[in-house]
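**Q** Please see the structure below; I have some questions.
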Amino acid sequence: MPTTLITGASGGIGSALARALAGTHDLILTGRGGAALDALCAEVGGRPLRLDLTRPETFEEALAGLGRVSNVVHNAGVVELGAVAEQGHAVWTHTLAVNTVAPAELTRLLLPGVRQERGTIVFVNSGAGLSANAGWGSYAASKFALKALADALRAEEAEGGVRVTSVYPGRTATEMQRKVRVQEGATYTPEAFIDPQTLARTIAFVLNAPRDATLTDITVRPGPPA
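For the sequence shown, counting from 1, position 57 maps to 57 in UniProt numbering; every step adds exactly one.
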């Protein structure tokens, strides 16, 4: 049974993925800790791993003695909307730290084990990682950089059998999306967005795909109204 580490596992896509993989993957579920993470670990039989994604210098110590890791799903992320003219460096630094630097450092530290397992690394990106709109500069920049990280890693690790996939979801019915809609001054209507379980099933397929295929880039958009 593969061991899969999921960042940002406490809610949204991360918790849906943990439930989708329960029983077929050993799970290491990362978050900032707290009741939600503990409850999810109890529900799916996962191991909690507390990480502060703003402090990559603490990762090596946190990962000490972690053991076998087959797959890594970089799911955690933050967003703060605002025009380039309005957002100071603190927003940019925080967004890039969580959305780009943390995945890069976590990948670096976990890569030797993933190589041994010939495993898969999934980067949950965003439609904003392919096209930047007004007000989305800092977030889109972090996701464009995440795409570059994934593309470079895929080229570097292909011969060793490590598969690397970027998933580009459209708007998904999560608490992050609720926050975005508030910032946009719009109503949060979850039925208009992608169900997190749909993204979870998509990522599960990537992780479980036969070895003769690598799914490099997957774009998922909300479907037509029911």
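For each residue, glycine too, the CB sits at the ideal point set by N, CA and C.
None of the values given here were measured: they were computed from a predicted structure.
Which of the three DSSP states is assigned to F193 in this structure?
**A** coil
**Q** At 3 residues or longer, what runs of the beta strand (DSSP E) sit wholly inside the stretch 105-166?
**A** Counting whole runs of 3 or more residues, the stretch 105-166 contains the beta strand (DSSP E) stretches 120-124.
**Q** Between G31 and L40, what straight-line distance do the alpha-carbon atoms span, to the nearest angstrom?
**A** Rounded to whole angstroms, the gap between the alpha carbons of G31 and L40 is 11 Å.
**Q** State buried or exposed for N75, treating a residue as buried only when at least 16 other CB atoms are found within 10 Å of its CB.
**A** Of the residues assessed, N75 falls on the buried side of the cut-off, its CB having 16 or more other CB atoms within 10 angstroms.
**Q** Which residues in the same chain as I203 place their Cβ atom closer than 7 Å to its Cβ, once the five residues preceding and following it in sequence are excluded?
**A** For I203, same chain residues with a beta-carbon under 7 Å away, outside a window of 5 residues either side, are L17, V73, V122 and V167 in chain order.
**Q** With 16 other CB atoms within 10 Å as the buried threshold, where does N133 fall?
**A** exposed
**Q** Where G14 and E86 are concerned, what is the direct C-alpha to C-alpha distance, given to the nearest angstrom?
**A** 31 Å
**Q** Is the beta carbon of L29 closer than 8 Å to that of L49?
**A** yes
**Q** Report all residues from its chain with a CB closer than 6 Å to the CB of W136; omit the five preceding and five following residues, and keep chain order.
**A** A128
**Q** Which same chain residues end up closer than 8 Å to residue 266 when comparing Cβ atoms and leaving out the 5 residues on each side of it in sequence?
**A** Absent from the structure is residue 266, since the part of the chain shown begins at 1 and ends at 226.
**Q** Could you tell me the distance, in whole angstroms, from the CA atom of T54 to the CA atom of N208?
**A** Distance between the alpha carbons of T54 and N208: 30 Å.
**Q** Please state the DSSP three-state secondary structure of L96.
**A** In the structure shown, L96 adopts helical secondary structure according to DSSP, grouped into three states.
**Q** Do the stretch 155-165 and the stretch 107-120 touch if we need at least three Cβ pairs shorter than 8 Å?
**A** yes
**Q** V220 by DSSP, collapsed to three states: which one?
**A** strand
**Q** Are the stretch 140-150 and the stretch 92-102 in contact at 8 Å, needing three or more beta carbon pairs?
**A** Result yes; three or more Cβ-Cβ pairs closer than 8 Å.
**Q** Compare the beta carbon distance of G8 and V69 with 8 Å and say whether it is the shorter of the two.
**A** No; because the gap between Cβ atoms is not below 8 Å, this pair is not in contact.
**Q** Taking buried to mean at least 16 other C-beta atoms within 10 Å of its own C-beta, is Q183 buried or exposed?
**A** exposed
**Q** Looking only at its chain, what residues have a beta carbon closer than 7 Å to the beta carbon of K147, apart from the 5 residues adjacent to it on each side?
**A** N125, G129 and S166.
**Q** Going by DSSP, what residue range makes up the beta strand (DSSP E) through T47?
**A** The amino acid at residue 47 is misidentified as Thr; the sequence shows Arg. Per DSSP, R47 belongs to the beta strand (DSSP E) from R47 to R50.
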